[in-house]
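Chemist: One structure, pasted below without further comment.
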Amino acid sequence: MTDVLSMTLPELQAFLLEKGEKPYRARQLYEWLHKKLAVSYDEMRNLPLALRSILETEAPVHAPSIVEKQVSKIDGTRKYLFGFADGECVESVLMNYHHGNTVCISSQVGCRMGCTFCASTLLGLTRNLTAGEMLQQVYAIQKETGERVSGVVVMGTGEPLDNYDSLVRFLRMISDGNGLNISERNLTVSTCGLVPGIRKLSEERLMINLALSLHAPNDELRKELMPVAKSYSLTDVMSAMRDYYDVSHRRLTFEYSVIPGKNDTDRCALELAALLEGINGFVNLIPVNPVRETVYAEAGRGDALRFKKKLEKHGIHVTIRREMGRDIDGACGQLRKRHAEMSEGAGSTCREDG
Ligand code: SAH
Numbered sequence: 051m052t053d054v055l056s057m058t059l060p061e062l063q064a065f066l067l068e069k070g071e072k073p074y075r076a077r078q079l080y081e082w083l084h085k086k087l088a089v090s091y092d093e094m095r096n097l098p099l100a101l102r103s104i105l106e107t108e109a110p111v112h113a114p115s116i117v118e119k120q121v122s123k124i125d126g127t128r129k130y131l132f133g134f135a136d137g138e139c140v141e142s143v144l145m146n147y148h149h150g151n152t153v154c155i156s157s158q159v160g161c162r163m164g165c166t167f168c169a170s171t172l173l174g175l176t177r178n179l180t181a182g183e184m185l186q187q188v189y190a191i192q193k194e195t196g197e198r199v200s201g202v203v204v205m206g207t208g209e210p211l212d213n214y215d216s217l218v219r220f221l222r223m224i225s226d227g228n229g230l231n232i233s234e235r236n237l238t239v240s241t242c243g244l245v246p247g248i249r250k251l252s253e254e255r256l257m258i259n260l261a262l263s264l265h266a267p268n269d270e271l272r273k274e275l276m277p278v279a280k281s282y283s284l285t286d287v288m289s290a291m292r293d294y295y296d297v298s299h300r301r302l303t304f305e306y307s308v309i310p311g312k313n314d315t316d317r318c319a320l321e322l323a324a325l326l327e328g329i330n331g332f333v334n335l336i337p338v339n340p341v342r343e344t345v346y347a348e349a350g351r352g353d354a355l356r357f358k359k360k361l362e363k364h365g366i367h368v369t370i371r372r373e374m375g376r377d378i379d380g381a382c383g384q385l386r387k388r389h390a391e392m393s394e395g396a397g398s399t400c401r402e403d404g
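This is the structure:
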């Protein structure tokens, strides 16, 4: 089967050329898929019936199903659990900021990075998502709400740089003028710090924002929280981040989940200040979300505010992540995980509701 949804326009042109079709047909097909967000070939009225039927057989497209949807009563944040044709599910979130609709997408089904505070990694990695499946999360949400999505953050389940080729393909296609045309400046990738991936990304010359999940100001504590820190030292990660800034000139984000008593001490603040010395970036504090299986107690906004003050004394620019939709399954991966547990008895990874 051909994965037509993950193909760039030139690839689609080559694919259709083999079938004796003119290049403009590829453009039409690309626009149906990525601009008009068609979910079946039947909708593509300006394509010849014979071509549509060939495509239906050789390159079927399946829109993901909405397995579950939660809408926050507090702020309207919407959390979706999408199901793909093979029964796997991923979470995506629509957040409504003042400056537009931002969708947070997943890049993998599960994750193998093993961060100790994160629900997404508890069941390990099942598989990578294709570029098409990353796009579909955005498309499905835009179709469902009828509102334009203006920004995407790759901050859901999965480590985007562990699925590098599909990630870059996704970034190029979502910002393509023949598709949704979302500005690169409104795209953000969040990584736990895979140094070779960060370095490769620099070479792509994409003007996207990069966020590093830092969570600790020294290697010792970081290794305790994030197994990835055993492979890459903070010196190497920070050097890769600095180099990314030098080519992209995009202000860097450092995510820091505040775990009370663990990574929010005076000493941590001091070390963090030294680590970020001279960097054009800011720290985004996330009060750690409670995950049943982890040992950390829930942090509140007060904890984040206290640590923010400590950091600001050292001249660091700090924001506190707005707590979107805390009344719905907030923490990364919790919705999918709950579903997987419920479905175990039913013998499938994911199950449609009703
Ligand atoms: N793998 C990528 C993106 C996915 S997680 C990364 O590591 O950046 C998105 C962000 O949420 C990361 O900063 C992650 O560390 C954080 N996060 C995960 N679980 C959390 C929890 N329970 N509480 C607070 N932040 C959490």
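All letters in the sequence shown, in the order written, are residues 51 to 404 by my numbering. We put the CB at the ideal spot given by N, CA and C, even for glycine. Computed from a prediction, not measured in an experiment: that's the story for all the values here.
(1) Mapping the DSSP letters down to three states, classify Met-145 as helix, strand or coil.
(2) Between the alpha carbons of Arg-388 and Glu-138, how many angstroms are there, rounded?
(3) Within the continuous alpha helix (DSSP H) that includes Leu-432, where are the two ends?
(4) For a test of the three-state rule: what should DSSP assign to Thr-399, helix, strand or coil?
(5) Closest to Leu-221 by CA distance: which of Arg-255, Asn-268 and Tyr-346 is it?
(6) What does a CB cutoff of less than 8 Å around Leu-358 pick up in its chain, not counting 5 residues either side in sequence?
(7) Please determine whether the Cβ atom of Asn-231 lies at a distance below 6 Å from any heavy atom of the ligand SAH.
(8) Give the range of the alpha helix (DSSP H) segment to which Tyr-214 is assigned.
(9) So that I know if they touch, is there some Cβ in chain C lying closer than 7 Å to that of His-299?
(10) Can you tell me whether Val-245 is helix, strand or coil according to DSSP?
(11) Below 6 Å CB to CB, which residues in the same chain sit around Asn-146 once its five sequence neighbours on both sides are set aside?
(12) The alpha helix (DSSP H) with Ile-167 in it runs from where to where?
(13) Could you spell out the range, first to last residue, of the beta strand (DSSP E) harbouring Gly-137?
(14) Looking only at its own chain, which residues have a Cβ that is under 8 Å from the Cβ of Ala-396, when we skip the five neighbours before and after it?
(15) Threshold first: 3 residues or longer. Then list the beta strand (DSSP E) segments lying entirely within the region 59 to 105, N to C.
(16) Are three or more beta carbon pairs between the region 154 to 161 and the region 199 to 215 nearer than 8 Å?
(17) Just list the residues that DSSP pairs Thr-238 with in beta bridges.
(18) How should Arg-272 be labelled, buried or exposed, when 16 other C-beta atoms within 10 angstroms of its C-beta is the threshold for buried?
(19) How close, in whole Å, do the beta carbons of Pro-114 and Gln-186 come, if the pair is a contact with beta carbons under 8 Å?
Modeler: On the basis of the coordinates in this document:
(1) Here residue 145 is taken as the residue at index 95 of the sequence shown, counted from 1. Strand at Met-145.
(2) To locate residue 388, count along the sequence shown from 1; it is residue 338. To locate residue 138, count along the sequence shown from 1; it is residue 88. The alpha-carbon atoms of Arg-388 and Glu-138 are separated by roughly 13 Å.
(3) The chain is shown only over 51 to 404; residue 432 falls outside these bounds and no answer can be derived.
(4) Within the sequence shown, the letter at position 349 stands for residue 399. Residue placement at Thr-399 cannot be trusted, given a pLDDT of 38 that sits under 50; what the coordinates show is reported in the next sentence. Three-state DSSP puts Thr-399 in coil, outside helix and strand.
(5) In the sequence shown, the residue the question calls residue 221 occupies position 171. That would be Arg-255, whose Cα lies nearest to the Cα of Leu-221.
(6) Residue numbering aside, residue 358 sits at position 308 when the sequence shown is read from its first letter. Inspection of the sequence shows that residue 358 is occupied by Lys rather than by Leu. Once the five neighbours on either side are set aside, the close Cβ partners of Lys-358 are Leu-335, Val-368 and Ile-370.
(7) Taking the first residue of the sequence shown as position 1, residue 231 is located at position 181. Not so, every heavy atom of the ligand SAH lies at least 6 Å from the Cβ.
(8) Taking the first residue of the sequence shown as position 1, residue 214 is located at position 164. Tyr-214 -> alpha helix (DSSP H) spans 214 to 224.
(9) Absence of chain C from the displayed structure is noted, only one protein chain being present.
(10) Taking the sequence shown and counting its residues from 1, one reaches residue 245 at position 195. If DSSP states are grouped into helix, strand and coil, Val-245 belongs with the helices.
(11) Counting from 1 along the sequence shown, the entry for residue 146 is found at position 96. Cβ neighbours of Asn-146 beyond the five flanking positions: Gly-126.
(12) Here residue 167 is taken as the residue at index 117 of the sequence shown, counted from 1. It should be noted that the sequence gives Phe, not Ile, for residue 167. That residue, Phe-167, is in no alpha helix (DSSP H); it is neither H nor E in DSSP.
(13) Working through the sequence shown from its first residue, we reach residue 137 at position 87. It is not in any beta strand (DSSP E) - Gly-137 carries neither H nor E in the DSSP assignment.
(14) Sequence index remark: in the sequence shown, residue 396 carries index 346 (1-based). Low confidence applies to Ala-396: its pLDDT is 40, below 50, so where it sits in the model is not reliable enough to give any reading.
(15) none
(16) yes
(17) As a working mapping, residue 238 is identified with position 188 in the sequence shown. Secondary-structure assignment with DSSP links Thr-238 through a beta bridge to Val-203 and Asn-259.
(18) Position 222 of the sequence shown, counted from the first residue, corresponds to residue 272. Classification for Arg-272: buried.
(19) Taking the sequence shown and counting its residues from 1, the one referred to as residue 114 is at position 64. Taking the sequence shown and counting its residues from 1, the one referred to as residue 186 is at position 136. The pair is a contact, with the Cβ atoms about 5 Å apart (cut-off 8 Å).
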